[in-house]
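Visitor: Residue numbers (the numbering used here): -2 to 649. Heads up, the beta-carbon is just placed ideally off N, CA and C, and yes, glycines get one too. All values derive from a computational prediction rather than experimental measurement.
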RNA sequence: GCCAGUGUAGCUCAGCCGGCAGAGCGAAUCCUUCGUAAGGAUUAGGUCGAGGGUUCAAAUCCCUCCACUGGCUCCA
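1. Starting from residue 485, trace the beta strand (DSSP E) in both directions and tell me its first and last residue.
2. Quick check on the DSSP output: the beta strand (DSSP E) that includes residue 575 runs from which residue to which?
3. How many Å lie between residue 548 and residue 244 at the Cα?
4. Spatial neighbours of residue 1 within its chain, please: CB distance less than 6 Å, with the 5 preceding and 5 following residues excluded, ordered by chain position.
5. What do you get for residue 487, buried or exposed, if any count of 16 or more other CB atoms within 10 angstroms of its CB means buried?
6. Indicate the three-state DSSP secondary structure (helix, strand or coil) for residue 275 in the structure shown.
7. Cα separation between residue 372 and residue 218?
8. With a CB to CB cut of under 8 Å and the five nearest residues on each side skipped, what residues in its chain are close to residue 276?
9. Check the DSSP bridge columns for residue 393 and list the partner residues they point to.
10. Nearest-angstrom Cα distance between residue 225 and residue 206?
11. What separation, rounded to the nearest whole angstrom, lies between the Cα atoms of residue 134 and residue 93?
12. Just mark residue 328 as buried or exposed, buried being the case when its beta carbon has 16 or more other beta carbons within 10 Å.
13. Skipping 5 residues on each side, what residues in its chain have a beta carbon closer than 8 Å to that of residue 180?
14. For the alpha helix (DSSP H) holding residue 343, just list the boundary residues, first then last.
15. I need the DSSP call for residue 497, collapsed to helix, strand or coil.
16. Can you tell me whether DSSP reads residue 196 as helix, strand or coil?
17. With a cut-off of 8 Å, do at least 3 Cβ pairs link the stretch 577 to 596 to the stretch 506 to 515?
18. Just to confirm, is the Cβ distance from residue 429 to residue 466 under 9 Å?
19. Taking the beta carbon of residue 375 as the centre, do at least 16 other beta carbons fall within 10 Å, making it buried, or is it exposed?
20. Ignoring anything shorter than 4 residues, give me the alpha helix (DSSP H) runs that lie fully in the stretch 63 to 116, in order along the chain.
21. What ranges does the beta strand (DSSP E) occupy inside the stretch 182 to 253, keeping only unbroken runs of at least 3 residues that lie completely in it?
22. Using a Cβ-Cβ cut-off of 8 Å (strictly less than) and excluding sequence neighbours within five positions of residue 495, which residues of its own chain qualify?
23. Tell me the residue span of the alpha helix (DSSP H) that contains residue 147.
24. For residue 522, is the classification buried or exposed, using 16 other Cβ atoms within 10 angstroms of its Cβ as the cut-off for buried?
25. Bridge partners for residue 327 per DSSP, in chain order?
26. Which ranges would you report for the alpha helix (DSSP H) in the stretch 539 to 602 if only whole runs of at least 4 residues count?
27. Following the continuous beta strand (DSSP E) through residue 468, name the residue where it begins and the one where it ends.
28. Please confirm whether residue 397 and residue 359 have their CB atoms less than 9 Å apart.
29. What residue range is occupied by the uninterrupted alpha helix (DSSP H) comprising residue 428?
30. Please classify residue 383: does DSSP put it in a helix, a strand, or coil?
31. For the beta strand (DSSP E) containing residue 355, list its first residue and its last residue.
32. Decide yes or no for the touch test of the stretch 146 to 162 against the stretch 20 to 28: beta carbon pairs closer than 8 Å, at least 3 of them.
33. Please classify residue 502 as buried or exposed, where buried requires at least 16 other C-beta atoms within 10 Å of its C-beta.
34. Among 525, 228 and 221, whose alpha-carbon lies nearest the alpha-carbon of residue 209?
35. Between which residues of its own chain and residue 443 is the CB-CB distance below 8 Å, once the five residues before and five after are set aside?
36. Just to confirm my understanding: we take residue 366, look at its own chain, exclude 5 residues before and 5 after, and list those with CB closer than 7 Å. What are they?
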């Protein structure tokens, strides 16, 4: 609110802030964000909504400091939406307090998709949304000025006497300094750091989305509060777009498509989080398995197989029991305790250990499509994304310390291969030694250097996540983006100095002394379940030819062409092909093939039968008549073997 | 585990202020033999998630449980 000109304070020496273009701006020592904006230009000064200091969103009244990287936030900035939504959260809280008595306020920040506000002692359900939205609209209509006030902690304490949660926050803020800020709109006020838009009229359109429970401060020990989620945009059009995107994500939901395409089911009788794969789903999984199997065999992996159940002695040895027992399925058999494996690595370490090794034998590379079992919290289970049983395309390498770089590089080649096959863009992060860790300084240093060397050599732009590594070793994590821009955790490469220690793994070196190998855990997909889920949503069920459960469908125009249709089917028997022999019209058959997401339809009628040709139609509704069977077959073979992302026989 | 919502035919859903269990799609059968995204008719298909309670009567109201959805929390 203070549109003051820059203070001229000749007594204090000026300070400098860094602007986004890299230039420095000199301002008086007591300058605020707004002052800086006015210094840059009066237009910008007037448009200033908030600022960012070293990346942190702050009110325009916030003081700047020497050397700060300053960005001015106007209604053109990306951050503007955050500010607007924060104000929308206030409007929600104001509306709630108008409609419900004795509600206690907690916090109400903006989020990536909108905002929420947490309340205690609020009994609300979605049938109240209409009334609350109407109230919010009224508040926006009223166009209350949103006023910022600075108060001392004492004053704030008085005003917040009825708000226990706010008081709790205040006590923490009190430790930091003597001033806190309040924002007021109409009769409503809140302890809040801001920033906010100038008035409620600027909030635009608000839509409430859902009600959820949330623990105060995210701690299970604390009371559960009522959280109302909503979103806000500058105008109706943006909101519509948002709702459409949400709808699109829903359309792509792998549970919906998995059901439609008969890919898998998770049934009450068989238990939660335990997916059953139906033939079409397993067909896709088998193609995925074959793909990594080729990659693995090409890069020198040997396949091994380990049981699903082990004596828990193995997990005591590996250390999983101590840290992981709560998430394991454990049961007694006679006097012994057994458990379902939550990971494949101890089994692989046990295989390695059953042998003596020379330095010449390394690296040893084991691969297994290993099914593992983890007893996740029930509320966490969701479709294929979080399950109790899943299969990892697991690989474990036992290498000499000097081999790390080469091996990691070859793993990254394979990951590249996989992700590019599915048209997935990715980001890479290197996570380094955390505070608590096992392994010597030398081995950590050497390993991290090698990982960095690989990343540098490959010219990969990566995030350094310092201290984020596992306690047993550093790792490289991949995250990729799907067709509608959502980000997923992808493959990882993890070095492990702990397991070799625990299993006392050794090899005999050139010096005839025994040495400790380094273990590398890697997966190309991660888990088949997660990757499958992601692919279903990525492709919206429209799988590329090589993955499609039904690759071709022959549609006879009338029953008179059924015989020819079957002869055509036989000609394509190396593919997954069906004949639609239902008694219905061609239109219906085309529609059905389309709904079933079959990549190619082969249409045969009298014309084709007489000429001995076929008509080819793809899922994009393109069609070519009079195609020779061999021509199409040759194309299909190439399309399948090259794993092309979409049917392209009819592409120009 | 916690908060809120949902659970009815293979699928999508209606019925829910108590009174005979419904529709569309799909399936089967028949008519139709069809040239590029729904031709017509008939039939079958249900422990209304499970258990208990209230009532003359429960899909509907109440209680308990289960599962699912969205969050929270947790996550090597």
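Guide: Straight from the coordinates:
1. Start at 1 with the first residue of the first chain, and residue 485 comes out as number 488. Segment 484 to 493, the beta strand (DSSP E) holding residue 485.
2. Within the first chain, the letter at position 578 stands for residue 575. Residues 574 to 576.
3. One-based indexing of the first chain puts residue 548 at position 551. One-based indexing of the first chain puts residue 244 at position 247. For residue 548 and residue 244, the distance between alpha carbons rounds to 28 Å.
4. Here residue 1 corresponds to residue number 4 of the first chain, with the count starting at 1. Residue placement at residue 1 is poorly supported in this model, since its pLDDT is 44, which falls under 50; the coordinates still yield a value, given next. Around residue 1: no qualifying Cβ.
5. Within the first chain, the letter at position 490 stands for residue 487. It is buried - the Cβ of residue 487 has at least 16 other Cβ atoms within 10 Å.
6. Here the question's residue 275 lines up with position 278 in the first chain. Coil at residue 275, not helix or strand.
7. Sequence index remark: in the first chain, residue 372 carries index 375 (1-based). Sequence index remark: in the first chain, residue 218 carries index 221 (1-based). The alpha-carbon atoms of residue 372 and residue 218 are separated by roughly 22 Å.
8. Within the first chain, numbered from 1, the residue matching residue 276 stands at position 279. 259 and 546.
9. For the purposes of this step, residue 393 is taken as the residue at position 396 of the first chain. Answer by DSSP bridge pairing, in chain order: 363 and 518.
10. Along the first chain, one-based indexing puts residue 225 at 228. Along the first chain, one-based indexing puts residue 206 at 209. Whole-angstrom Cα-Cα distance: 8 Å.
11. The residue labelled residue 134 in the question sits at position 137 within the first chain. The residue labelled residue 93 in the question sits at position 96 within the first chain. For residue 134 and residue 93, the distance between alpha carbons rounds to 13 Å.
12. Residue numbering aside, residue 328 sits at position 331 when the first chain is read from its first letter. The residue in question, residue 328, is exposed, as its Cβ has fewer than 16 Cβ neighbours within 10 Å.
13. Counting from one through the first chain, the residue named residue 180 turns up at place 183. Answer for residue 180: 87, 143, 144, 145, 146, 186, 187, 189, 191 and 193, listed in chain order.
14. Numbered from its first residue, the first chain carries residue 343 at position 346. Its alpha helix (DSSP H) spans residues 342 to 350.
15. Stepping through the first chain from its first residue, residue 497 is reached at position 500. Here residue 497 sits in helix by DSSP.
16. Mapped onto the first chain, residue 196 falls at position 199. Residue 196 falls in the strand class under three-state DSSP.
17. no
18. As a position in the first chain, residue 429 is number 432, starting the count at 1. As a position in the first chain, residue 466 is number 469, starting the count at 1. Contact flag set, yes.
19. Translated into the one-based positions of the first chain, residue 375 becomes position 378. Residue 375 is exposed by the Cβ-count criterion.
20. 77 to 96
21. 185 to 188, 202 to 212 and 221 to 230
22. Numbered from its first residue, the first chain carries residue 495 at position 498. Result list for residue 495: 316, 435, 436, 468, 469 and 470, in chain order.
23. For the purposes of this step, residue 147 is taken as the residue at position 150 of the first chain. Counting along the chain, residue 147 falls outside any alpha helix (DSSP H), though it belongs to the beta strand (DSSP E) covering 143 to 149.
24. As a working note, residue 522 is residue 525 in the first chain. Flag for residue 522 reads buried.
25. What you label residue 327 is simply residue 330 of the first chain in a count that begins at 1. BP columns for residue 327 point to 336.
26. 559 to 568 and 583 to 592
27. In the first chain, residue 468 corresponds to position 471, counting from 1. Here residue 468 belongs to no beta strand (DSSP E), and DSSP marks it neither H nor E.
28. Counted from its first residue, the first chain places residue 397 at position 400. Counted from its first residue, the first chain places residue 359 at position 362. Yes, the pair counts as a contact, with Cβ atoms nearer than the cut-off.
29. As a first step, residue 428 must be located in the first chain, where it is residue number 431. Not the alpha helix (DSSP H): residue 428 falls in the beta strand (DSSP E), residues 422 to 428.
30. On the first chain, position 386 is the one that residue 383 refers to. Note: residue 383 maps to strand in three-state DSSP.
31. Taking the first chain and counting its residues from 1, one reaches residue 355 at position 358. That residue, residue 355, is in no beta strand (DSSP E); it is neither H nor E in DSSP.
32. no
33. As a working note, residue 502 is residue 505 in the first chain. Buried, since its Cβ has 16 or more Cβ neighbours within 10 Å.
34. Here residue 209 is taken as the residue at index 212 of the first chain, counted from 1. Among 525, 228 and 221, the Cα nearest to that of residue 209 belongs to 221.
35. Indexing the first chain from 1 puts residue 443 at position 446. Taken in chain order, the residues that qualify are 398 and 401.
36. Reading the first chain from its first residue, position 369 is the one you call residue 366. Answer for residue 366: 286, 388 and 390, listed in chain order.
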